[in-house]
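Student: In terms of UniProt numbering, the sequence shown opens at residue 1 and continues consecutively.
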Amino acid sequence: MPAKSGFPWAGPPVLEKRRPSAATALDPVFMSKHGAIPRPLTSGTGTGLKGRIRVPGDKSISHRALMLGALALGETEIHGLLEGEDVLRTAAAMRQLGGSAEKGADGIWRARGRGNGGLAEASDVLDLGNAGTGTRLLMGLVAAYPMTTFFTGDASLRSRPMARVADPLRQMGASFVTRSNGRPPLAVIGTANPVPITYKLPVASAQVKSAILLAGLNTPGNTTVIEPEHTRDHTELMLRGFGVDIRVEETPEGRASSITGQPELKGRRIIVPGDPSSAAFPIVAALILPGSDIVIENVGLNPHRIGLIDSLLEMGGAIEIQNARVEAGEKVGDLHVRHSHLRGITVPASRAPSMIDEYPILSVAAAFAEGETRMLGLAELRVKESDRLGAMARGLAACGVSVEEGEDWLGVTGNGKRPRGGAHIAVNLDHRPAMSFLVLGLGAEKPVSIDDGSPIDTSFPGFSDLMNGMGAAIRLQNR
1 MPAKSGFPWA GPPVLEKRRP SAATALDPVF MSKHGAIPRP LTSGTGTGLK GRIRVPGDKS
61 ISHRALMLGA LALGETEIHG LLEGEDVLRT AAAMRQLGGS AEKGADGIWR ARGRGNGGLA
121 EASDVLDLGN AGTGTRLLMG LVAAYPMTTF FTGDASLRSR PMARVADPLR QMGASFVTRS
181 NGRPPLAVIG TANPVPITYK LPVASAQVKS AILLAGLNTP GNTTVIEPEH TRDHTELMLR
241 GFGVDIRVEE TPEGRASSIT GQPELKGRRI IVPGDPSSAA FPIVAALILP GSDIVIENVG
301 LNPHRIGLID SLLEMGGAIE IQNARVEAGE KVGDLHVRHS HLRGITVPAS RAPSMIDEYP
361 ILSVAAAFAE GETRMLGLAE LRVKESDRLG AMARGLAACG VSVEEGEDWL GVTGNGKRPR
421 GGAHIAVNLD HRPAMSFLVL GLGAEKPVSI DDGSPIDTSF PGFSDLMNGM GAAIRLQNR
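1) Taking 7 Å as the CB-CB cut-off, is methionine 94 touching chain D?
2) Please check the pair proline 194 and threonine 219, which I expect to be a contact at CB under 8 Å, by giving their CB distance rounded to whole angstroms.
3) Taking contact to mean 3 or more Cβ pairs, one atom from each stretch, closer than 8 Å, check whether the stretch 364 to 380 and the stretch 320 to 336 are in contact.
4) Could you tell me whether the Cβ atoms of alanine 211 and valine 165 are closer together than 7 Å?
5) Quick one: grab the DSSP three-state call for alanine 111.
6) Between the beta-carbon of glycine 453 and the beta-carbon of alanine 426, is there less than 7 Å?
7) Asparagine 468 by DSSP, collapsed to three states: which one?
8) Note down the Cα distance separating glutamine 477 from valine 142, rounded to an integer number of angstroms.
9) Mind reading off the beta-carbon distance from glycine 57 to leucine 81? Whole number of angstroms is fine, and I expect it under 8 Å.
10) I'd like the span of the beta strand (DSSP E) that includes valine 195, first residue to last.
11) Use the C-beta contact count for arginine 19: other C-beta atoms within 10 angstroms, 16 or more gives buried, fewer gives exposed.
12) For methionine 238, which residues in the same chain have their Cβ closer than 8 Å to its Cβ, ignoring the five residues on either side in sequence?
13) Count the C-beta pairs between the stretch 315 to 324 and the stretch 184 to 199 that are closer than 8 Å, then say yes if the count reaches three, no if not.
14) Can you tell me the Cα-Cα spacing of glycine 422 and proline 282, whole angstroms?
15) Using only CA atoms, which one of Gln262, Ile306 and Ser277 lies nearest to histidine 230?
16) Can you give the Cα-Cα distance for isoleucine 456 and alanine 215, rounded to whole angstroms?
17) With burial defined as no fewer than 16 other Cβ atoms inside 10 Å of the residue's Cβ, what is the status of valine 225: buried or exposed?
18) Alpha carbon to alpha carbon, how far is arginine 136 from glutamate 370? Give it in angstroms, no decimals.
19) Contact check, alanine 391 vs asparagine 428 under 8 Å by CB: the rounded distance?
20) Which residues in the same chain as isoleucine 450 place their Cβ atom closer than 7 Å to its Cβ, once the five residues preceding and following it in sequence are excluded?
21) Between which two residues does the alpha helix (DSSP H) holding serine 60 run?
22) Can you tell me which of the three DSSP states aspartate 357 falls into?
23) Using the Cβ count rule (16 or more neighbours within 10 Å means buried), how would you classify aspartate 465?
24) Could you give the distance in angstroms between the alpha-carbon of histidine 79 and the alpha-carbon of arginine 110?
25) What is the rounded straight-line gap between the Cα of glycine 443 and the Cα of leucine 201?
26) Between the Cα of alanine 279 and the Cα atoms of Thr413, Pro38 and Arg54, which residue gives the shortest distance?
27) So, with DSSP's three-state summary, where would you put leucine 169?
28) Mapping the DSSP letters down to three states, classify threonine 90 as helix, strand or coil.
29) Taking the continuous beta strand (DSSP E) assigned at methionine 375, which residues delimit it?
30) Thinking C-beta only, is arginine 112 closer than 7 Å to residue 518?
31) Count the other C-beta atoms from every protein chain shown that fall within 10 angstroms of the C-beta of serine 205, then say buried if there are 16 or more, exposed otherwise.
32) For the putative contact between glycine 46 and glycine 471, defined by C-beta atoms under 8 Å, what is the C-beta separation to the nearest angstrom?
33) Return the chain-ordered list of same chain residues with a C-beta closer than 6 Å to the C-beta of serine 459, the five sequence neighbours on each side being excluded.
34) Using a Cβ-Cβ cutoff of less than 6 Å, which residues in the same chain neighbour glutamate 445 once the five nearest sequence positions on both sides are dropped?
35) Taking leucine 265 as the reference, give the member of Gly117, Ile294, Ala92 and Gly221 with the closest Cα.
36) Within the continuous beta strand (DSSP E) that includes leucine 41, where are the two ends?
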């Protein structure tokens, strides 16, 4: 639907460019995000990677910790929160909705909640930047409140459809005003009388499932989501940790997650493990660079998040899980990774929910493998921050890699040697293709460059420094 009069934006849904302060006027990340100076990066052939590292905290868990902390009574301590731009946008949104989320001098984030049902109407638009996860989950959270909440974001977020989230929330009583295909900017008009539903997901999606469950927190009765395939269960684990009665069972229709609404959440201590989606990049870099031997400490190993590790092990990757343990309900371990000779495999569609964000970097590993790697069930990649399936196919082909692309599959054929490289890649403001092509450049015959590396900070602040500290060669272009 077109925007109605009275919305806090007028005319075409385009964010006006912001005037930088003196402190930010020369910051390349700020300027790139607001239409001025991009931050091109190049990566050249690196030496074998060495060292012990930690990657930033898990993005999915960080978003959820801030949201539930704002609903809990008492204080929630969050150790290891990802301080990437996406998560910081969620923290700011929770403050606008009446919660608190601040980093202490000791580096620990603390949230003091208003109690379940205690959120307040925001006085301004929630600008989620590039945070698709934050937007979709917050749409669910506010849908069960009698208030109107406005959402917008950057050019990438405003291009992404939100209809899959809005459809079940309408059944619960909320209404929406959006652009065509459900795209932001949008308004969520919450309901004073939310209705519990039983909803079967047409397509497996942890974000849609989580949005419904979060709406169910302020809804009387039992709210149930049935998913045809298992997706990441961080929401269910964290709700249980906050004291919510949540039941998960296998049914003939799929995996059903149910909550009893209007519970009291209690503040708790949360330890955020390293993000396996971020660990994917040094993992693949170590596998493809001869002489590499690294350990990545404290990586989250949730069974619904390790599809990439399973796939790389099938390809012959030398990845060993050490010091396996459970922290705050999440499986965690250290990963010992060494250079390996990889071979092509077929990655089944059933594995997609457990590694949907990792297909870009898996396709880079496939470019160095012997034989064809065929990845199936990738339709979801078409509606991420960019069309990642198409972007990876085009970029790999430009680097001399043999690629076949279908509507929901990708075939990459390598010869067990280094691909040519030598391309300049437009990453469409998408952090995962950006990091993937930088990793490819480390092992290719010729350097690979990307047009803008600033989006990397949305999920992996410090990526270049961390990689270079192990022996990589990632630099600002022309420096």
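From the three backbone atoms N, C-alpha and C, an ideal C-beta is built for every residue, glycine too.
Tutor: Checking against the coordinates, here is how it stands:
1) Reference to chain D is not applicable here, since this structure consists of a single protein chain.
2) Residue numbering aside, residue 194 sits at position 194 when the sequence shown is read from its first letter. Residue numbering aside, residue 219 sits at position 219 when the sequence shown is read from its first letter. Correct: roughly 4 Å between the Cβ atoms.
3) no
4) The residue given as residue 211 occupies position 211 in the sequence shown. The residue given as residue 165 occupies position 165 in the sequence shown. A contact, by the Cβ cut-off of 7 Å.
5) Within the sequence shown, numbered from 1, the residue matching residue 111 stands at position 111. Three-state result, alanine 111: strand.
6) Here residue 453 refers to the residue found at position 453 of the sequence shown. Here residue 426 refers to the residue found at position 426 of the sequence shown. Taking 7 Å as the Cβ cut-off, glycine 453 and alanine 426 do not qualify as a contacting pair.
7) For the purposes of this step, residue 468 is taken as residue 468 along the sequence shown, with counting starting at 1. Residue state, collapsed to three classes: helix.
8) As a working mapping, residue 477 is identified with position 477 in the sequence shown. As a working mapping, residue 142 is identified with position 142 in the sequence shown. Rounded to whole angstroms, glutamine 477 to valine 142 spans 43 Å at the Cα level.
9) Along the sequence shown, read from residue 1 onward, the residue named residue 57 stands at position 57. Along the sequence shown, read from residue 1 onward, the residue named residue 81 stands at position 81. Yes, glycine 57 and leucine 81 are in contact; Cβ-Cβ is about 6 Å, under 8 Å.
10) The count along the sequence shown starts at 1 and reaches residue 195 at position 195. First-last for valine 195: undefined, no H or E at that position.
11) One-based indexing of the sequence shown puts residue 19 at position 19. Below a pLDDT of 50, predicted positions are generally treated as unreliable, and arginine 19, at 30, falls in that range; the measurement from the model is reported next regardless. Exposed is the call here.
12) The residue labelled residue 238 in the question sits at position 238 within the sequence shown. Correct list, in chain order: Ile61, Arg64, Ala65, Leu68, Ile270 and Gly329.
13) no
14) Within the sequence shown, numbered from 1, the residue matching residue 422 stands at position 422. Within the sequence shown, numbered from 1, the residue matching residue 282 stands at position 282. Approximately 21 Å, taken between the alpha carbons.
15) Locating residue 230 in the sequence shown gives position 230, where the first residue counts as 1. Checked all of Gln262, Ile306 and Ser277; the closest Cα to histidine 230 is Ile306.
16) As a first step, residue 456 is located in the sequence shown; it is residue number 456 there, counting from the start. As a first step, residue 215 is located in the sequence shown; it is residue number 215 there, counting from the start. Distance between the alpha carbons of isoleucine 456 and alanine 215: 30 Å.
17) In the sequence shown, the residue the question calls residue 225 occupies position 225. With 16 or more Cβ atoms within 10 Å of its Cβ, valine 225 is classed as buried.
18) As a first step, residue 370 is located in the sequence shown; it is residue number 370 there, counting from the start. As a first step, residue 136 is located in the sequence shown; it is residue number 136 there, counting from the start. About 39 Å.
19) Position 391 of the sequence shown, counting from 1, holds the residue named residue 391. Position 428 of the sequence shown, counting from 1, holds the residue named residue 428. The pair is a contact, with the Cβ atoms about 6 Å apart (cut-off 8 Å).
20) Mapped onto the sequence shown, residue 450 falls at position 450. Counting only Cβ-Cβ distances below 7 Å, and skipping sequence neighbours, we find Pro40, Leu41, Ile425, Val427, Ala434, Phe437 and Leu438.
21) Position 60 of the sequence shown holds residue 60. Its alpha helix (DSSP H) spans residues 59 to 69.
22) Mapped onto the sequence shown, residue 357 falls at position 357. Aspartate 357: helix per DSSP, three-state reduction.
23) Indexing the sequence shown from 1 puts residue 465 at position 465. The residue in question, aspartate 465, is exposed, as its Cβ has fewer than 16 Cβ neighbours within 10 Å.
24) As a first step, residue 79 must be located in the sequence shown, where it is residue number 79. As a first step, residue 110 must be located in the sequence shown, where it is residue number 110. Cα-Cα distance, rounded: 9 Å.
25) Counting from 1 along the sequence shown, the entry for residue 443 is found at position 443. Counting from 1 along the sequence shown, the entry for residue 201 is found at position 201. About 40 Å.
26) Numbered from its first residue, the sequence shown carries residue 279 at position 279. Of the candidates Thr413, Pro38 and Arg54, the one whose C-alpha sits nearest the C-alpha of alanine 279 is Arg54.
27) Position 169 of the sequence shown, counted from the first residue, corresponds to residue 169. If DSSP states are grouped into helix, strand and coil, leucine 169 belongs with the helices.
28) For the purposes of this step, residue 90 is taken as residue 90 along the sequence shown, with counting starting at 1. Three-state result, threonine 90: helix.
29) Here residue 375 is taken as the residue at index 375 of the sequence shown, counted from 1. Where methionine 375 is concerned, the enclosing beta strand (DSSP E) stretches over 370 to 376.
30) With the chain represented from 1 up to 479, any question about residue 518 goes unanswered, as that position is not in the structure.
31) The residue you call residue 205 lines up with position 205 of the sequence shown. With 16 or more Cβ atoms within 10 Å of its Cβ, serine 205 is classed as buried.
32) For the purposes of this step, residue 46 is taken as the residue at position 46 of the sequence shown. For the purposes of this step, residue 471 is taken as the residue at position 471 of the sequence shown. At roughly 6 Å, the Cβ-Cβ gap stays under 8 Å, so glycine 46 and glycine 471 are in contact.
33) As a working mapping, residue 459 is identified with position 459 in the sequence shown. The answer, listed in chain order, is Lys59, Gly84 and His431.
34) As a first step, residue 445 must be located in the sequence shown, where it is residue number 445. For glutamate 445, where only same-chain residues beyond five positions count, the Cβ hits under 6 Å are Arg418, Arg420 and Gly421.
35) The residue labelled residue 265 in the question sits at position 265 within the sequence shown. Answer by Cα proximity: Gly117.
36) Here residue 41 refers to the residue found at position 41 when the sequence shown is read from its first residue. It spans 41 to 43 - the beta strand (DSSP E) in which leucine 41 sits, taken as one unbroken run.
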